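Peer 1: Have a look at the structure that comes next, please.
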Amino acid sequence: MRISLNWLRELVEIKLKPEELAQTLTMAGFEVEDIEDRRTWANGVVVGRVLERQPHPNADKLSVCQVDIGADETLNIVCGAPNVRADIYVPVATVGAYLPNIDLKIKPAKLRGVPSQGMICSLKELGLPSDIDGIYIFPQENLSLGSDVRPLLGLDDVILDVTATANRADALSMVGIAREVAALTGAKLSIPEPREVEISQSPGKLSLKIGDTQVCPAYIGTVIEQIKIAPSPDWLRQRLLSAGVRPINNVVDITNYVLLEWGQPLHAFDGDRLVETLHATSLQQQNATSLQQQNATSLQIGVRFANAGETLKTLDGQTRNLTTQNLLITANEKPVALAGVMGGEETEVHDGTQSLVLEAALFDSVAIRRSARSVGLRSEASGRFERGVNRAELEIANRRALSLISELAGGIIVHQEMADTRPHPSTWSRSIVLRLDRVNEILGPVNVSEDTGELVAKDVERILTALGCQLTLTEEGTWNVAVPPYRYRDLEREIDLIEEVARLYGYDNFCDTLPDKAEAGYLPVDQELTRKLRASLRAEGLTELMHYSLVKPGDDRQIVLSNPLFAEYSALRTDLIAGLIDAFQYNLEQGNGSLNGFEIGRIFWKEEDGLQEADAIAGIIGGDRTIGKWAKGGREQSLTFFEAKGILESVFQQLGILVEYQPDRRDERLHPGRTASLWIGGNRLGLFGQLHPQLRRDKGLPESVYLFQLNLDVLLNALDQDDILVPPFKAYSTYPASDRDIAFFAPVKVSVAEIEKSITHAGKGLLESVELFDEYRGENVPQGQRSLAFRLVYRASDRTLTDTEVEPVHNKVREALVEKFGVNLRS
2 MRISLNWLRE LVEIKLKPEE LAQTLTMAGF EVEDIEDRRT WANGVVVGRV
52 LERQPHPNAD KLSVCQVDIG ADETLNIVCG APNVRADIYV PVATVGAYLP
102 NIDLKIKPAK LRGVPSQGMI CSLKELGLPS DIDGIYIFPQ ENLSLGSDVR
152 PLLGLDDVIL DVTATANRAD ALSMVGIARE VAALTGAKLS IPEPREVEIS
202 QSPGKLSLKI GDTQVCPAYI GTVIEQIKIA PSPDWLRQRL LSAGVRPINN
252 VVDITNYVLL EWGQPLHAFD GDRLVETLHA TSLQQQNATS LQQQNATSLQ
302 IGVRFANAGE TLKTLDGQTR NLTTQNLLIT ANEKPVALAG VMGGEETEVH
352 DGTQSLVLEA ALFDSVAIRR SARSVGLRSE ASGRFERGVN RAELEIANRR
402 ALSLISELAG GIIVHQEMAD TRPHPSTWSR SIVLRLDRVN EILGPVNVSE
452 DTGELVAKDV ERILTALGCQ LTLTEEGTWN VAVPPYRYRD LEREIDLIEE
502 VARLYGYDNF CDTLPDKAEA GYLPVDQELT RKLRASLRAE GLTELMHYSL
552 VKPGDDRQIV LSNPLFAEYS ALRTDLIAGL IDAFQYNLEQ GNGSLNGFEI
602 GRIFWKEEDG LQEADAIAGI IGGDRTIGKW AKGGREQSLT FFEAKGILES
652 VFQQLGILVE YQPDRRDERL HPGRTASLWI GGNRLGLFGQ LHPQLRRDKG
702 LPESVYLFQL NLDVLLNALD QDDILVPPFK AYSTYPASDR DIAFFAPVKV
752 SVAEIEKSIT HAGKGLLESV ELFDEYRGEN VPQGQRSLAF RLVYRASDRT
802 LTDTEVEPVH NKVREALVEK FGVNLRS
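In structure tokens, the structure reads:
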């Protein structure tokens, strides 16, 4: 908000320089983004009177003027403005003056052979907006020649561009800033109290119909007649211009002035146009009522939400297609304004306006925010309603506007209606308990002279009293603080009051309390383990991938968004595998070869007991991973199931965990005979398998593509063990090993993993490793069986094993296999 210091000085005493005031406001949380010193714009520009104007002898569009600026001699000035003439008062930039807005220093010059000793200025040359193409002519008479023009043009002012935080709706007004300055500097406030206005209360002029009192808790409608539309006086125009608002006419300018002064948006309707709207509505409904009866009918102003399909042409000339989120002001049910946002063009005040209906209302901040956003329109009024307008000063702002309209536009107030469902005024001042101990506990020590101390009771009382709060001491160090109505939305809890104490006491007056010694940072265990997992997968040649969490809908288990940006991304993914398959296909189509990668991400799904989510890790492996096909005759060599499984096994080995594999057929995207579920200590970890041949052909993928998806939480829980996080040292045996081979016929349905597990259990103590080195099916092998051969390595860490030590253990292994699986031993 742009703050005029001249205007502010009428509301509060200011002893600080503009730069000091800007620093004070900034340190208190109101950032001053710019200081616009208008006093420099017209330094050296004085009031002059054109005594004589003659055509330039050598130029058709130039004039030679004799200008009196109260000096001993008149000035000869060459002027190119078409509106210059004799006997007018004008601003004159004298020799030596500098006009920063056009970067021009005035020097004696000759224009087409005629000397010129200054320049007659336009408003634009002085930095002020103007619709006039030419020099500025003072409307006043008998001005003091040679006097400074800055007080006459409002250029003896400094403008502060202040940014208020979102919670300080009260600071979007001159009165609010004045209260803040008074609290910060201890200055005296001089806020004007609007005078009472007389209302004749002519019957039948106006009635109100508020459709929803939650979104419009208060509405004041005032009928004003005998209005005389005219330009606003200079003081009003200058204040609006200093705030960046373009003056229009006295009535509209008054509503804008009150908006800036009190932060209360107002709107003025043309009364006659509202009645014409009523007549037009009646004719459209083919009402047979006579014109006299229509004129006698009361005008009904309503507040309601729009119906689908309604339209409204707003003051900016655009026709808005309304939705049910738009809050409307209606005249006998016909939309005439977007409530709290912008008025309608059909009922705007114009040069011929003779009667007004002045609106002063309170609207719900959420309703106005939604309404403004739905039509893509934001105004000064909506910006204030969105933050929250002070509900306690609605009548004050209304009286202020009515008194100015009576004074400047000659209006006579004939009727006023008010609909008010606000709580009782006694509830507007919230009471909060504040403890001095809590203040010092939160804020810490303060600098006191050359020592440190803490805030005392008188500091807290002084600060909060300056903010307009009323403090009642309940016990030593505890107060009941009554919050002023204009801070009702901002000050709600004890911590809010503590923040105000810190802000006004000065953040720079508190001691720095940094820790004496900083501690070294560290990563949580799960992040450390996740990083180790990533490194292991990258070490196996897999590239980390990343996909959107949003996918196309189509699965019953999917969670579908209610307000998606695109239909293609309207559901949350239930797994990572689908994205990896699409990425593999895309890379092939782009000529980038087979994709071998992994992804860590979150998946989401629906269950009967609600929505679920979990972190997962998945990967895809396929194609020929070797480099250089010359040794294979240029042919690609696809990965086998066991080679792909070996990549995953290598990762598990690096992490130090033991994973079991079980046959699995549940995922239809994977080969039913080449898919396994993975388990750790009885907990399902995930699955690994080959892509189904039919899906592979549909996608145009290589012959063998393998996928895995693991539950990251289960994996991290398995890794979060002391012996894995900090592996214990195991000494290497310096003694030779003793190996034995064992071969047998085993049923096909018995997996190698089960056999290895049984061998390891039976030979524990001496058995160091088990390795399958041969499998055979065919001739001389019984039906339904296969021949397996294992190499068992026995070793002790403290001695060389003898046959008498190895044989009993080896026989125990043989017996266990026969007993558990019924194998037919061959060796």
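Here the numbering used here is used: the sequence shown runs in plain steps of one and ends on residue 828.
Beta carbons are placed, not taken as given, at the ideal position from N, Cα and C, and that holds for glycine.
Keep in mind that this is a model prediction, so the values were computed, not measured.
Identify, in the order they occur along the chain, each residue of the same chain with its Cβ nearer than 6 Å to the Cβ of leucine 640, setting aside the five sequence neighbours on each side.
Peer 2: Ser705
Peer 1: Comparing alpha-carbon positions, which option in Ser404, Ala645 and Leu717 lies nearest valine 656?
Peer 2: According to the sequence displayed, residue 656 carries leucine and not valine. If we check each option's Cα against that of leucine 656, Leu717 comes out closest.
Peer 1: For isoleucine 107, which option in Val115, Ala483 and Val93 has the closest C-alpha, if you only look at C-alpha atoms?
Peer 2: Val93
Peer 1: Tell me the DSSP secondary structure of threonine 256 in three-state form.
Peer 2: helix
Peer 1: Quick test of your reading: tryptophan 680 and valine 652, contact by CB under 8 Å. State the CB separation rounded to the nearest angstrom.
Peer 2: Between valine 652 and tryptophan 680 the Cβ distance is about 16 Å, and since that is not below 8 Å, they are no contact.
Peer 1: Can you tell me where the beta strand (DSSP E) with asparagine 322 in it begins and where it stops?
Peer 2: Where asparagine 322 is concerned, the enclosing beta strand (DSSP E) stretches over 320-322.
Peer 1: Classify asparagine 597: buried if its beta carbon has 16 or more other beta carbons within 10 angstroms, exposed otherwise.
Peer 2: buried
Peer 1: Within a Cβ cutoff of 7 Å, which residues of the same chain sit near phenylalanine 386, ignoring the five residues on either side of it in sequence?
Peer 2: Pro266, Gly341, Phe364, Ser366 and Ile369
Peer 1: Okay, do the region 328-339 and the region 310-320 touch, 3+ Cβ pairs below 8 Å being the bar?
Peer 2: yes
Peer 1: Can you give the Cα-Cα distance for leucine 780 and serine 770, rounded to whole angstroms?
Peer 2: Correcting the residue identity first, residue 780 is glutamate in this sequence and not leucine. So the alpha carbons of these two residues sit roughly 30 Å apart.
Peer 1: Looking only at DSSP bridge pairs, what is leucine 717 linked to?
Peer 2: Answer by DSSP bridge pairing: none, since leucine 717 is not bridged.
Peer 1: Determine whether the beta carbon atoms of serine 243 and valine 415 lie at a separation below 7 Å.
Peer 2: no
Peer 1: Should the region 106-120 be regarded as contacting the region 158-172, the criterion being three or more beta carbon pairs within less than 8 Å?
Peer 2: No contact exists between the region 106-120 and the region 158-172.
Peer 1: Run the CB neighbour count on valine 390, radius 10 Å, all protein chains shown included, and call it buried at 16 or more, exposed below.
Peer 2: buried
Peer 1: Among Leu530, Leu793, Arg3 and Leu474, which has the Cα closest to the Cα of isoleucine 658?
Peer 2: Leu530
Peer 1: For leucine 100 and glutamate 37, I'd like the C-alpha separation in whole angstroms.
Peer 2: 15 Å
Peer 1: Please return the same chain residues whose Cβ sits closer than 8 Å to the Cβ of glutamate 20, not counting the five positions on each side in sequence.
Peer 2: These residues qualify, in order along the chain: Ile36.
Peer 1: Which value, in whole angstroms, describes the spacing of the CA atoms of alanine 183 and valine 253?
Peer 2: 30 Å
Peer 1: Using the Cα positions of glutamate 820 and lysine 813, report the straight-line distance between them to the nearest angstrom.
Peer 2: Rounded to whole angstroms, glutamate 820 to lysine 813 spans 10 Å at the Cα level.
Peer 1: Taking 8 Å as the threshold, find out whether the region 543-551 comes into contact with the region 571-587 through three or more Cβ pairs.
Peer 2: yes
Peer 1: So threonine 801 packs on proline 737, CB below 8 Å; how close in whole Å?
Peer 2: 6 Å
Peer 1: Between the C-alpha atoms of isoleucine 228 and asparagine 7, what's the straight-line distance to the nearest angstrom?
Peer 2: It is roughly 30 Å from the alpha-carbon of isoleucine 228 to the alpha-carbon of asparagine 7.
Peer 1: State the CB to CB distance for the pair valine 48 and serine 145, rounded to an integer number of angstroms; the pair is presumed to be in contact (CB under 8 Å).
Peer 2: 7 Å
Peer 1: Where do the N-terminal and C-terminal ends of the alpha helix (DSSP H) with aspartate 162 fall, by residue?
Peer 2: It is not in any alpha helix (DSSP H) - aspartate 162 instead sits in the beta strand (DSSP E) that spans 159-164.
Peer 1: Have a look at Asn327, Leu826 and Arg388 and flag the residue whose alpha-carbon is nearest the alpha-carbon of serine 372.
Peer 2: Answer by Cα proximity: Asn327.
Peer 1: Just checking, does the region 52-59 make contact with the region 132-141 on the three C-beta pairs under 8 Å criterion?
Peer 2: Output reads no: the region 132-141 does not touch the region 52-59.
Peer 1: Under the three-state reduction of DSSP, which class applies to isoleucine 192: helix, strand or coil?
Peer 2: coil
Peer 1: Using C-beta distances below 7 Å, list every residue in its chain close to leucine 720, excluding the 5 sequence neighbours before and after it, in chain order.
Peer 2: Leu530, Leu656 and Ile658
Peer 1: Please report the Cβ distance between leucine 209 and valine 224, rounded to the nearest whole angstrom; I am assuming they are in contact, meaning their Cβ atoms lie under 8 Å.
Peer 2: Their Cβ separation, rounded to whole angstroms, is 12 Å, which puts leucine 209 and valine 224 out of contact at 8 Å.
Peer 1: What did DSSP end up calling phenylalanine 599 once you bin it into helix, strand or coil?
Peer 2: strand
Peer 1: DSSP three-state call for methionine 28: helix, strand or coil?
Peer 2: helix
Peer 1: Consult DSSP for histidine 838 and reduce its assignment to one of helix, strand or coil.
Peer 2: Given that the chain is displayed from residue 2 to residue 828, the structure contains no residue 838 and the question cannot be resolved.
Peer 1: Compare the Cα-Cα distances from leucine 275 to each of Gly264, Arg238, Val350 and Asn251 and report the closest residue.
Peer 2: Nearest C-alpha to leucine 275: Val350.
Peer 1: Can you tell me whether DSSP reads phenylalanine 364 as helix, strand or coil?
Peer 2: coil
Peer 1: Is the distance from the Cβ of phenylalanine 746 to the Cβ of leucine 773 below 7 Å?
Peer 2: no
Peer 1: Once you ignore the five residues that flank arginine 558 on each side, which residues in its own chain have a CB closer than 6 Å to its CB?
Peer 2: Thr575, Trp606 and Lys607
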